[in-house]
Amino acid sequence: MWKPSINRHTANKVQTLLYILKKDISSGHLVAGEQLPTQDELVEHTGIAKSTIARAYQAANSEKLINTVVGKGSFVAGKSDPFFQAVDHQCNEMLDLRIDYPLYAFDPLLSETLAQISKEDCQHLLSYQDHSGHIVYREAGLRWLHLNGVDCVLEQVSLTGGSQHAITVCLSSIAEAGEAVVVEELTYPGIRETALMLGITLIPVRMDEDGVIPEALENILFEHKNVKAFYTLPTVHNPTTILTPEYRRREIADICRKHRIFIVEDDIQRLFSDEQPVPYANLLPELTFFIAGISKVISGGLRIAYVSAPKETVKTVRRRLLATYWTLPPLMAEIATRWINDGTALATLKAKKEEAKQRQLLVQKLLGSPYVVQKISSYYTWVELSSEWSSETFINEAHKNGVALLGTGTFQITQHSGQSASQNLDQTFGANGVRLCLGAASNQKVLERGLKKISELLKDGPSSAIGVL
């Protein structure tokens with residue numbers, strides 16, 4: 001009989017029970033048709049209130065994970081149910097590991113929160129609010145930023161419509177058309193669109209296994225006097241998962257201080273890392289914007305990010321918010337605030353982080369060294385390809401085998417015409433590889449099948465794919 005292990009003092013017990021149930025179904029510990037314990041039996045086993053157990057079973061029924069038959073009990077859903085149909089459908093078709101989906105199966109239950117809000121006086125959620133967010137929402141953002149290790153005060157905090165919007169707000173607050181921003185040579189592709197829209201030039205800087213090379217950054221700043229900022233993902237770098245250690249961060253912060261260059265620190269996956277070096281926002285607070293998005297931690301559709309801005313830029317940031325959003329949708333901010341304040345956000349982070357670790361263990365087991373060198377519990381991993389492969393060829397062959405991937409070309413920022421010829425991509429860590437988004441698979445078994453196909457390609461090499469001419 002199913003006996004979930006859960007601390008009766010855990011916040012959001014319904015969500016935790018649902019997470020354990022999904023995990024046990026995905027792992028095969030629970031099989032289709034298996035009878036689950038009665039609510040009374042679970043009360044006796046867990047010490048949790050029967051009303052909480054009942055809500056968990058109700059949620060599981062709503063998601064088609066279980067079937068409850070009056071007079072007979074609750075059973076793990078069979079293959080005819082949508083949950084299993086979706087799994088089977090994905091098994092038979094393309095496994096798309098291109099997009100960094102944040103494990104939607106472990107999202108909080110929105111219906112419960114909406115029900116709570118509907119019982120209260122919520123008419124104010126339809127009115128205009130402060131451009132940077134209502135003070136109650138910014139206070140929740142301050143707590144989230146503190147959780148990320150950022151030393152900031154309420155005055156510096158603003159709400160944005162997700163991290164992409166935050167990037168636009170930050171860059172438009174400090175750089176104008178014709179000016180430049182330094183970025184890692186492989187970086188988050190979304191910044192290209194922001195730069196194009198703002199008329200900003202992106203200048204790539206070389207990296208090694210510890211992140212941006214300080215000497216390379218300083219050389220660029222000496223050569224280009226129109227650089228206004230350095231955009232970076234220092235804790236779980238996208239796409240390589242590199243973690244920039246503290247000593248390197250201090251070197252880079254000193255360089256930016258010397259040249260009066262702003263830092264835009266986009267650390268959306270920081271909380272997934274067990275190792276969290278001091279943020280640039282603490283090393284160089286007068287010049288650093290810190291972006292703490294919650295889409296990867298809580299839910300992708302919850303378009304909220306919290307920005308800590310240098311004090312001297314706060315007024316400009318709020319004008320940019322006015323220009324690009326006017327005011328964040330209050331209902332979305334209300335949901336995020338409640339989940340941060342009542343522990344739902346942390347419980348969700350814990351559940352998703354644990355699942356991400358399990359999926360990373362699969363990567364280490366099936367791929368491992370020398371293809372995967374970083375070991376961070378994020379939703380994605382970077383696979384280093386041998387010189388006999390090009391990332392384009394590998395992507396094509398993986399696609400033929402039913403797995404869709406993204407490679408170096410997607411994340412590469414092309415060389416600026418004024419750069420030194422020594423700045424070649426082949427000198428950069430991660431110059432030839434592919435990114436695997438582990439959260440895109442519906443469960444670990446589906447992911448394992450995809451990883452086995454990738455492992456076979458890596459071991460066999462391109463000769464087996466291309467054939468003899």
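Take 1 as the starting number for the sequence shown in UniProt numbering and just add one per residue. Ideal Cβ placement from N, Cα and C applies to all residues, glycine included.
For Tyr371, the closest C-alpha among the options Ser378, Arg319, Val434 and Asp210 is that of Val434. Where Gly293 is concerned, the enclosing beta strand (DSSP E) starts and stops at Thr288 to Gly293.
DSSP places Phe394 inside the alpha helix (DSSP H), whose first and last residues are Ser391 to Lys400. Our two residues, Ser173 and Thr324, have alpha carbons roughly 12 angstroms apart in a direct line.
When only Cα atoms are considered, Ile53 and Lys119 end up about 22 angstroms apart. Between Val383 and Leu349, the gap from beta carbon to beta carbon reaches 7 angstroms or more.
Tyr371 sits in coil when the DSSP states are folded into three classes, being neither helix nor strand. Beyond the five residues adjoining it in sequence on each side, Leu42 comes within less than 6 angstroms, by CB distance, of Ile53 in the same chain, given in chain order.
The residue from Arg206, Thr232, Ile203 and Val363 with its alpha-carbon nearest to that of Ile291 is Thr232. Linking Glu215 to Glu185 through their CA atoms gives a straight-line distance of about 14 angstroms. Going by C-alpha positions, Pro239 is about 25 angstroms away from Glu93. According to DSSP, residue pairing for Thr313 in a beta bridge does not occur. Only residues of its own chain outside the window of five on either side were considered, and among them Lys352, Glu355, Ala356, Tyr379 and Gly439 have a CB closer than 8 angstroms to the CB of Leu103, listed in chain order.
Put simply, of Gln276, Cys256 and Asn443 the residue whose alpha carbon is nearest the alpha carbon of Gln358 is Asn443.
Taking 7 angstroms as the cut-off, the beta carbon of Phe411 is found no closer than this to the beta carbon of Met207.
Judged by DSSP secondary structure, Lys445 falls outside any beta strand (DSSP E) and instead within the alpha helix (DSSP H) spanning Gln444 to Asp460.
Asp96 is bridged by DSSP to Ala404. Contact between the region 130–140 and the region 318–336 is established, with three or more Cβ pairs separated by less than 8 angstroms. Secondary structure at Pro330: helix, using DSSP grouped into helix, strand and coil. Between Val446 and Lys453, the alpha-carbon positions lie close to 11 angstroms from each other.
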